[in-house]
Structures are given as C-alpha cells and as structure tokens.
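Position 79 (the sequence shown) corresponds to 80 in the working numbering; numbering is contiguous. Backbone N, C-alpha and C fix where the C-beta goes; we use that ideal spot for every residue, glycine too.
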Amino acid sequence: MVTIYVGEGIEELERAVKMTRFLLEQGTSLQEMVLVVPQSNANNLDTWKDKTGLTEGFRPASTHVKILITALSSRRRAS
C-alpha cells in the first residue's frame, strides 16, 4: 500500500499529482493507494480524482489497484 499525504498549496498539490500518476503508470504490482488531502482543500474530493486523471479514462499499470482519496482532519494532523 502507498499513502501520499498532500500538503497545503499549489506546489504541493502539483507534486502529489505527478507522484500519483507516476506510481499508477509504473506500479504494475501496486494494489492499494491512499491519497490524503488537507481538510481545508477537501471540499470536493471528486476534484482530486479529476486532477490525477482518474476520471479521464486513465488506465493504471496494475488492473487491480484500489484508490482511496480522503481528507485529513486538522485534529488528526496535530497528533
């Protein structure tokens, strides 16, 4: 399983999107990926799927990969 924590700001978002797409394109044995976005940027989690290309007919290298996009609450981040 791969977990990617997305930081605040545009540069962090761009890095996370590039890393996600790279892992999906190259990870032939990748089974599970979790993309954790900041609560402040998680108003619409479908937007994150659009940004990573997951809704554009993008085909990952592994046909069995499960992808979860979730928000990290500020309460959890502090601990």
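CB contact check: Gln-27 to chain D, cutoff 9 Å: No chain D is present in this structure, which holds just one protein chain.
Could you pull out every residue in the same chain whose Cβ sits closer than 7 Å to the Cβ of Val-7, ignoring the five residues on either side in sequence? Mapped onto the sequence shown, residue 7 falls at position 6. Only Glu-13, Leu-14, Ala-17, Leu-36, Val-37, Val-38, Pro-39 meet the Cβ criterion.
To which residues of the same chain is Glu-26 closer than 8 Å at the C-beta, ignoring the five residues directly before and after it? Walking along the sequence shown from the start, residue 26 turns up at place 25. Closer than 8 Å at the Cβ level, and outside the excluded window around Glu-26, lie Pro-61, Ala-62.
Rounded to the nearest angstrom, what separates Ile-11 and His-65 at their Cα positions? For the purposes of this step, residue 11 is identified with residue 10 of the sequence shown, where counting begins at 1. For the purposes of this step, residue 65 is identified with residue 64 of the sequence shown, where counting begins at 1. Whole-angstrom Cα-Cα distance: 30 Å.
Using three-state DSSP, classify Leu-31 as helix, strand or coil. What you label residue 31 is simply residue 30 of the sequence shown in a count that begins at 1. In this structure, Leu-31 counts as coil in the three-state DSSP scheme.
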